[in-house]
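For reference, the structure discussed in these notes is given below.
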Amino acid sequence: MNALHKLATLAATALLLAPVVADARSSDRRQPMDIDGGAADYSVDDSRPTVISGGVKITQGTLRIDAARAEISMRNGEPSRAVLTGSPVRLSQQLDNGTPMSAVASRVDYDLSTETVVFTGNVSITQPRGSLAGGRVVYNMRTGQVNSGGGNEGGGRVKMRILPRGTAGGAP
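Structure representation (structure tokens):
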């Protein structure tokens, strides 16, 4: 695999971060992806992760991701894990029904083999009908199951706000 093809494959991994919520805009996955960063360090084999750093910006359709650093690991020539870190990592996307979703966390870790996304550190996920905040949120994309915990932030509590239909509100 040549270096350019490898980088394109790794860039496509960021696409896999798009469905961090169950209703993420499905058409975004078919859009071109643009990645902008200050530096990229990668190997032409799977021996070490690819690291993109220096104000990483990823856009694809309605998906927007801002992070200080993106690290993508490969296994058998395929992306296996993507870790975004920052202060904070910011994700925003329009859902299939047209409503916006935004998420903020210190770290976002996506394991492709288990299809699990783990948000950690001052997590806040907001949609027009509600929000969730805590120290850690785990989302299983296969099952749709969400588990959250307060961690050390917010007094060790999880905070949720669920709004009635036809209303809009901010974070808890």
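When you line the sequence shown up against the working numbering, it's residues 243 to 414, in that order.
For every residue, glycine included, the Cβ atom is placed at its ideal position computed from N, Cα and C.
Run the CB neighbour count on residue i, radius 10 Å, all protein chains shown included, and call it buried at 16 or more, exposed below.
i, result
"Q335", "buried"
"P321", "buried"
"M343", "buried"
"D270", "buried"
"M316", "buried"
"A281", "exposed"
"S355", "exposed"
"V286", "exposed"
"G398", "exposed"
Going by DSSP, name the residue or residues bridged to residue i.
i, result
"T304", "In DSSP, T304 forms no bridge with anything."
"S348", "Paired residue(s): none; S348 is not in a bridge."
"D353", "R323, T358"
"Q369", "G372"
Return helix, strand or coil for residue i, following the three-state DSSP convention.
i, result
"G398", "helix"
"D270", "helix"
"G392", "coil"
"R407", "coil"
"G363", "strand"
In the DSSP assignment, find the beta strand (DSSP E) that holds residue i and state where it starts and stops.
i, result
"M275", "275-278"
"E357", "Segment: none, E357 is in no beta strand (DSSP E) and carries neither H nor E."
"D283", "281-283"
"R378", "372-382"
With a cut-off of 8 Å, does the C-beta of residue i fall near any C-beta of chain D?
i, result
"E320", "Here chain D cannot be found, since the structure has a single protein chain."
- request: May I have a chain-ordered list of the beta strand (DSSP E) segments no shorter than 3 residues that lie completely inside the stretch 289-344?
  value: 292-302, 305-317, 320-336
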